[in-house]
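**Q** Residue numbers (the working numbering): 7 to 209. Backbone N, C-alpha and C fix where the C-beta goes; we use that ideal spot for every residue, glycine too.
#1: Under the assumption that residue 37 contacts residue 75 (Cβ atoms under 8 Å), give the Cβ distance between them as a whole number of angstroms.
#2: In whole angstroms, what is the alpha-carbon distance linking residue 209 and residue 100?
#3: With a threshold of 8 Å, are at least 3 pairs of Cβ atoms found where one atom belongs to the segment 45 to 65 and the other to the segment 116 to 124?
#4: Within 7 Å: the Cβ of residue 137 and any heavy atom of the ligand HEM?
#5: I need the DSSP call for residue 140, collapsed to helix, strand or coil.
#6: Using the rule of at least 16 other Cβ atoms within 10 Å of the residue's Cβ for burial, across every protein chain shown, is residue 24 buried or exposed?
#7: Quick check on DSSP: helix, strand or coil for residue 146?
#8: Does DSSP classify residue 22 as helix, strand or coil?
#9: Going by CA-CA distance only, name the one from 47, 48, 45, 68 that's closest to residue 32.
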């Protein structure tokens, strides 16, 4: 299974393609046409936004079946931002894969109420010289939440400012992304099935 992140494509590099200034006609041509092309259908395309309400509006505007290889997500950084997940449920149909990108995480978040209708969770700490602290306990908590709801979990990185047992941890890898430097319990990188299971679909 190959993944293509739409954030790395020219139409949304280092930006959010669902900005109010971007017309739906443009998104249909640049996103939908590409992911449904002969070459595009060979991949699972990941579309991440901080504006899932606009993605839901785009989904309604299309008036066509949402491509099943176009996986959609919203970013979560704090507990307050978990409210974005309700808009994600209005994107696509019962065959749409929806996931949450809890990155960069700035505080502990509880996702249990949303997980039964999600297909994947990606978690990561912030990178860079002024990164917010990422507490290892947050990873333990989210792994437990996902396991309880039977949702695949992927720990991408711990970030540049890792707090471990009330102390700052030091890793050779600047983003805390080296698998071998983590405790075994945090070596979790799971992927969802190619199609959402019936228990995760909208009804």
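**A** Working from what's here:
#1: About 12 Å separates the two Cβ atoms, so there is no contact after all.
#2: Any answer about residue 209 is weak, because its pLDDT of 37 lies below 50 and its placement is not dependable; what the coordinates show is given next. About 7 Å.
#3: no
#4: Here there are no bound small molecules, and the ligand HEM is not part of this structure.
#5: strand
#6: buried
#7: helix
#8: coil
#9: Among 47, 48, 45, 68, the Cα nearest to that of residue 32 belongs to 68.
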